[in-house]
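For the sequence shown, numbering that gives the first Met the number 0 begins at 0 and goes up steadily by one.
Every residue, glycine too, gets a C-beta built ideally from N, C-alpha and C.
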Amino acid sequence: MKKFYIETFGCQMNAHDSEKVVGTLASRGYEQVESVEAADLVLYNTCSIRDKAEQKVFHRLQEFKKLAKHKTFAVIGCVAQQEGDKIFERAPHVSLVAGSASYTKLPELLVQLENGGKRVTGLSLDTTDTFETPYTRRDNPHRAYITIIEGCDKSCAYCVVPFTRGPERSRTSESVIAEGRQLADAGYSEIQLLGQNVNSYRDPSTVQWDFAMLLRKMGEIPGMRRIRFTTSHPRDFVKPIIDTIAENPVLCNHVHLPVQSGSSSVLSAMQRQYTRDEYMRRIEWMKNSGRDIAITTDIIVGFPGETEADFEQTLQLLDEVEYDSIFSFKYSRRPNTPALSLEDQISEEEKSRRLAIVQERQRSIQIRRNAEYVGRVEEVMVEGFNKATGQWIGRTSQHKTLNFTDSRENLTGQYLHARVLRAGPNSLAGESVTIQ
Ligand code: SAM
Ligand code: SF4
Numbered sequence: 000m001k002k003f004y005i006e007t008f009g010c011q012m013n014a015h016d017s018e019k020v021v022g023t024l025a026s027r028g029y030e031q032v033e034s035v036e037a038a039d040l041v042l043y044n045t046c047s048i049r050d051k052a053e054q055k056v057f058h059r060l061q062e063f064k065k066l067a068k069h070k071t072f073a074v075i076g077c078v079a080q081q082e083g084d085k086i087f088e089r090a091p092h093v094s095l096v097a098g099s100a101s102y103t104k105l106p107e108l109l110v111q112l113e114n115g116g117k118r119v120t121g122l123s124l125d126t127t128d129t130f131e132t133p134y135t136r137r138d139n140p141h142r143a144y145i146t147i148i149e150g151c152d153k154s155c156a157y158c159v160v161p162f163t164r165g166p167e168r169s170r171t172s173e174s175v176i177a178e179g180r181q182l183a184d185a186g187y188s189e190i191q192l193l194g195q196n197v198n199s200y201r202d203p204s205t206v207q208w209d210f211a212m213l214l215r216k217m218g219e220i221p222g223m224r225r226i227r228f229t230t231s232h233p234r235d236f237v238k239p240i241i242d243t244i245a246e247n248p249v250l251c252n253h254v255h256l257p258v259q260s261g262s263s264s265v266l267s268a269m270q271r272q273y274t275r276d277e278y279m280r281r282i283e284w285m286k287n288s289g290r291d292i293a294i295t296t297d298i299i300v301g302f303p304g305e306t307e308a309d310f311e312q313t314l315q316l317l318d319e320v321e322y323d324s325i326f327s328f329k330y331s332r333r334p335n336t337p338a339l340s341l342e343d344q345i346s347e348e349e350k351s352r353r354l355a356i357v358q359e360r361q362r363s364i365q366i367r368r369n370a371e372y373v374g375r376v377e378e379v380m381v382e383g384f385n386k387a388t389g390q391w392i393g394r395t396s397q398h399k400t401l402n403f404t405d406s407r408e409n410l411t412g413q414y415l416h417a418r419v420l421r422a423g424p425n426s427l428a429g430e431s432v433t434i435q
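So this is what it looks like as C-alpha cells:
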C-alpha cells in the first residue's frame, strides 16, 4: 500500500478540498501517514492569497529536498495554479502540479504518477465541473463542510482567487441537499456551506434555487442543529438571506461579511461593487432582523492610494458596526491582479502601522461586546476538552468560543447550555447549567 502525507495551507475551502483529496487517495488504496519521512507521496495543498502564504510551500519543498530521491512530491491548489510549470524549474523534485479546478481529474493524474510520470500537470481553468467525490475523509465527526459553489466571477482588484480557482460553478441543489441528508444520517449536526461567494449560488438545475432558498432547505433537514456559511459578498448579500435566517434558529446567528475598507473611494478602487452606505444598509438588515446576529469581517489596510482620511473611515466603520471579530491584513501585491499596476503603493512600515491601529481598535470593541454576554446563558456545541485549563471548549451559535466547567466526561459533540461568567477580547468563560 502506498503511503501519502498531505499538508494544507490557507482557507476552509482548501481544508475541505484536502478532505476530498484524501478521500480520493484512500479510495485508490493509499494510506495517510503523519510525517513526510513516512510517506511515498507528499502533497502540499497551497494558498497564494498573500505573498507570505505563497512562500510557505517553497520553504517546505526546500526543507525536504534531500528526501526527493525516495519520494514523489505534489504541489496542488492555488500556488500550483498560479505558478504552473514554473514550479518544476524552481523545485525540480516536484512531479505533480495541479490546481483545484483539475481535482476531478485527480484519479487520472495519479495513474500518470504511478506509471513514473515526472512532470504531470492539471492546470486548465476551462471547466464547468465541481469536485464531487463519493469519498471524503472528514476530520471532525460532528461538524462538516459542504462546498456549494467553486471559483469566483468577481474581479476585486487585489485578489488572485479568480485566477487560481477559475470561474464560478454552482453544484446542483439536489446534490447539496443529498450530501446534507447523508451527513445528518451519519450523526453530523453542524454544517458549514462553503464558497468564495456563497451568495451568488445559482442552482444549475431546472429548479434554479438561489442562495436564500438553498439555505432555507438546508435548515429543514431533519437532525441538523446548526448551519453556517462563508463567505458572503456584500454586493450579492440580499435581504431574503436575512429573512431566511430570521425564520429558522437552525441557521446560525453569525454572518461573515467582508467589507475590506470603510472608504467608498478605496472600495471603488478595489472594484468591490458597493459603497460604504450600501454595506451599512446590509448591517442594518442584520441588526433589525430580530436575531442576535454576530457580524464579522475582513479588512485590508494599505491598499494603493489609501489616504490617512480613508483609513480613518475604516476605523470609524469598526466603531459603527461593532464587529464581533475581524480578520485584518496588510495589502499584498499579487500576480496578474489589476491592483499590481496601481501607483501610490503604501510602504510596508505604514501598512504595519495601520494594521496595528486597526487591531488595537477592534480589540477594545471586542472587550466591550463580549462583556455584554456576562450573565447570559448560551447554547454551546462542545468541541473538545482543554486539559491545561480543565475546561470544555464550547462554540455558540454566534461562533464565539465559550470555555466552561462541567464535571461530566465525554461531552464532545453534545449541545449544552452554559452561563457566561467572564469575558475577554477573544473568548467567553463560564459554567454549564441545566435548562429545565
Ligand atoms: N471570497 C472571499 C471574499 O470575497 O471576501 C474571501 C477571499 S480571501 C480567501 C479572504 C480575505 O483575504 C479577503 O476577504 C481579503 O480581506 C483578504 N485578501 C485577499 N487578497 C488579498 C491581498 N492581495 N492582500 C491582502 N489581503 C487579501
Ligand atoms: Fe477574491 Fe473578490 Fe472573489 Fe472574494 S469576491 S474571492 S475577494 S475576487
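Requested in this report: Determine, using beta carbons only, whether residue 361 and residue 325 come nearer to each other than 8 Å.
Outcome: Counting from 1 along the sequence shown, the entry for residue 361 is found at position 362. Counting from 1 along the sequence shown, the entry for residue 325 is found at position 326. In this structure, residue 361 sits near residue 325, with a CB-CB distance shorter than 8 Å.
Query raised in the report: Should residue 437 be labelled buried (16 or more other beta-carbon atoms within 10 Å of its own) or exposed?
Result: This structure does not reach residue 437, given that the chain is present from 0 up to 435, and the question cannot be answered.
Query raised in the report: Can you list, in chain order, the residues of its chain whose CB lies under 6 Å from that of residue 333, leaving out five sequence neighbours each side?
Result: Working through the sequence shown from its first residue, we reach residue 333 at position 334. So the qualifying residues of the chain are 159.
Query - residue 16: CB within 7 Å of a non-hydrogen atom of the ligand SAM - result: Within the sequence shown, residue 16 is the residue found at index 17, counting from 1. Short note on residue 16: C-beta not closer than 7 Å to any heavy atom of the ligand SAM.
Query raised in the report: At which residues does the beta strand (DSSP E) containing residue 73 begin and terminate?
Result: Numbered from 1 along the sequence shown, position 74 holds the residue referred to as residue 73. Counting along the chain, the beta strand (DSSP E) containing residue 73 begins and ends at 71–76.
Query - Whole runs of the alpha helix (DSSP H) within the stretch 37–100, excluding any shorter than 4 residues - result: The stretch 37–100 contains these whole alpha helix (DSSP H) runs: 50–62, 77–82, 85–89.
Report task. Verify whether the separation of the beta carbon atoms of residue 121 and residue 97 is less than 8 Å. Result -> Counting from one through the sequence shown, the residue named residue 121 turns up at place 122. Counting from one through the sequence shown, the residue named residue 97 turns up at place 98. One thing to note: residue 121 has its Cβ within 8 Å of the Cβ of residue 97.
Report task. Return yes when the Cβ of residue 187 is within less than 8 Å of the Cβ of residue 253, no when it is not. Result -> Against the sequence shown, residue 253 aligns to sequence position 254. Against the sequence shown, residue 187 aligns to sequence position 188. Taking 8 Å as the Cβ cut-off, residue 253 and residue 187 do not qualify as a contacting pair.
Query raised in the report: When burial is assigned at 16 or more other CB atoms within 10 Å of the CB, is residue 249 buried or exposed?
Result: In the sequence shown, the residue the question calls residue 249 occupies position 250. Label assigned to residue 249: buried.
Query raised in the report: With distances taken between CB atoms, is the gap from residue 15 to residue 193 smaller than 8 Å?
Result: Here the question's residue 15 lines up with position 16 in the sequence shown. Here the question's residue 193 lines up with position 194 in the sequence shown. Against a cut-off of 8 Å, the Cβ pair of residue 193 and residue 15 comes out as a contact.
Query - Any alpha helix (DSSP H) of 4 or more consecutive residues that is wholly inside the stretch 240–299 - result: Entirely contained in the stretch 240–299, the alpha helix (DSSP H) runs reaching 4 residues are, in chain order, 263–268, 275–286.
Query raised in the report: Run through DSSP, which three-state label would residue 196 get?
Result: Within the sequence shown, the letter at position 197 stands for residue 196. Residue 196 falls in the coil class under three-state DSSP.
Requested in this report: Consider the C-beta atom of residue 160 and the heavy atoms of the ligand SF4; say whether any pair is separated by less than 7 Å.
Outcome: Within the sequence shown, residue 160 is the residue found at index 161, counting from 1. Result yes, Cβ under 7 Å from the ligand SF4.
Query - residue 346 burial status per 10 Å Cβ neighbour count (16 or more: buried) - result: Position 347 of the sequence shown, counted from the start, is the residue given in the question as residue 346. Result: exposed.
Query raised in the report: Can you tell me where the beta strand (DSSP E) with residue 377 in it begins and where it stops?
Result: Position 378 of the sequence shown, counted from the start, is the residue given in the question as residue 377. Its beta strand (DSSP E) spans residues 376–385.
Requested in this report: Run the CB neighbour count on residue 11, radius 10 Å, all protein chains shown included, and call it buried at 16 or more, exposed below.
Outcome: Translated into the one-based positions of the sequence shown, residue 11 becomes position 12. With a 10 Å radius around the Cβ and a threshold of 16 neighbouring Cβ atoms, residue 11 comes out exposed.
**Report entry** Residue from 236, 44, 54, 144 whose Cα sits closest to the Cα of residue 164
**Finding:** Within the sequence shown, the letter at position 165 stands for residue 164. That would be 44, whose Cα lies nearest to the Cα of residue 164.
Requested in this report: Answer yes or no: the CB of residue 195 versus the heavy atoms of the ligand SF4, is any distance below 7 Å?
Outcome: Looking up residue 195 in the sequence shown gives position 196. At least one heavy atom of the ligand SF4 is nearer than 7 Å to the Cβ of residue 195, so yes.
Query raised in the report: Can you give the Cα-Cα distance for residue 389 and residue 288, rounded to whole angstroms?
Result: Here residue 389 refers to the residue found at position 390 when the sequence shown is read from its first residue. Here residue 288 refers to the residue found at position 289 when the sequence shown is read from its first residue. Each residue's Cα considered, the two are about 37 Å apart.
**Report entry** Own chain partners of residue 303 with C-beta closer than 8 Å, once the 5 adjacent residues on each side are dropped
**Finding:** For this step, residue 303 is matched to residue 304 along the sequence shown. If we look at residue 303 and ignore the five residues flanking it on each side, its Cβ neighbours are 268, 330, 338, 341, 342, 343, 344, 345.
**Report entry** Cutoff 7 Å; reference residue 241; Cβ partners in own chain excluding five residues on either side
**Finding:** Counting from one through the sequence shown, the residue named residue 241 turns up at place 242. Excluding positions up to five away in sequence, the list reads 284, 285, 288.
Query raised in the report: Any heavy atom of the ligand SAM closer than 7 Å to the Cβ of residue 331?
Result: Start at 1 with the first residue of the sequence shown, and residue 331 comes out as number 332. The answer is yes for residue 331.
Report task. Return the CA-CA distance between residue 434 and residue 403, expressed in angstroms with no decimal places. Result -> Counting from 1 along the sequence shown, the entry for residue 434 is found at position 435. Counting from 1 along the sequence shown, the entry for residue 403 is found at position 404. Straight-line measurement puts the Cα of residue 403 at about 15 Å from the Cα of residue 434.
Query raised in the report: Of the residues 245, 428, 319, which one's Cα is nearest the Cα of residue 276?
Result: If you number the sequence shown from 1, residue 276 lands on position 277. Selected option, being the one with the closest Cα: 319.
Query raised in the report: Taking 7 Å as the line, does the beta carbon of residue 232 fall inside it for any heavy atom of the ligand SF4?
Result: Working through the sequence shown from its first residue, we reach residue 232 at position 233. Short note on residue 232: C-beta closer than 7 Å to some heavy atom of the ligand SF4.
Report task. Compute the beta-carbon to beta-carbon distance between residue 317 and residue 356, rounded to the nearest angstrom, for a pair I have assumed lies under 8 Å. Result -> Residue numbering aside, residue 317 sits at position 318 when the sequence shown is read from its first letter. Residue numbering aside, residue 356 sits at position 357 when the sequence shown is read from its first letter. Not really, about 10 Å apart at Cβ, beyond 8 Å.
**Report entry** Extent of the continuous beta strand (DSSP E) run through residue 389
**Finding:** If you number the sequence shown from 1, residue 389 lands on position 390. Careful: residue 389 lies outside any beta strand (DSSP E) and carries neither H nor E.
Query raised in the report: Would the stretch 48–68 and the stretch 17–26 be scored as touching if the rule is three or more Cβ pairs under 8 Å?
Result: The stretch 48–68 and the stretch 17–26 do not touch, with fewer than 3 CB-CB distances between them shorter than 8 Å.
Query raised in the report: How many angstroms separate the CA atom of residue 116 from the CA atom of residue 145?
Result: Position 117 of the sequence shown holds residue 116. Position 146 of the sequence shown holds residue 145. Rounded to the nearest angstrom, the gap between the Cα atoms of residue 116 and residue 145 is 32 Å.
Report task. Could you tell me whether any non-hydrogen atom of the ligand SAM is closer than 7 Å to the CB of residue 328? Result -> In the sequence shown, counting from the first residue as 1, residue 328 sits at position 329. Taking the Cβ of residue 328 as the reference point, at least one heavy atom of the ligand SAM falls within a distance shorter than 7 Å.
Query raised in the report: Given residue 130, which residues of its chain have a CB within under 8 Å of its CB, disregarding the five upstream and five downstream residues?
Result: Within the sequence shown, residue 130 is the residue found at index 131, counting from 1. Cβ contact annotation for residue 130 (same chain, cutoff 8 Å, sequence separation greater than five): 16, 19, 99, 102, 103, 146, 149, in chain order.
Query raised in the report: Rounded to the nearest angstrom, how far is the Cβ of residue 323 from that of residue 294, given a contact under 8 Å?
Result: By one-based count along the sequence shown, residue 323 stands at place 324. By one-based count along the sequence shown, residue 294 stands at place 295. About 6 Å separates the beta carbon of residue 323 from that of residue 294, a gap short enough to meet the 8 Å contact definition.
Query - Contact under 8 Å by Cβ, residue 370 with residue 422 - result: Indexing the sequence shown from 1 puts residue 370 at position 371. Indexing the sequence shown from 1 puts residue 422 at position 423. Cβ atoms of residue 370 and residue 422: closer than 8 Å.
Query raised in the report: Could you give the residue range of the beta strand (DSSP E) that holds residue 432?
Result: Here residue 432 refers to the residue found at position 433 of the sequence shown. Element bounds for residue 432: 427–432.
Report task. For residue 290, count neighbouring C-beta atoms within 10 Å of its own C-beta (all shown protein chains included) and say buried if the count is 16 or more, exposed if not. Result -> To locate residue 290, count along the sequence shown from 1; it is residue 291. Per the 10 Å Cβ criterion, buried.
Query raised in the report: The alpha helix (DSSP H) with residue 105 in it runs from where to where?
Result: Counting from 1 along the sequence shown, the entry for residue 105 is found at position 106. Counting along the chain, the alpha helix (DSSP H) containing residue 105 begins and ends at 105–113.
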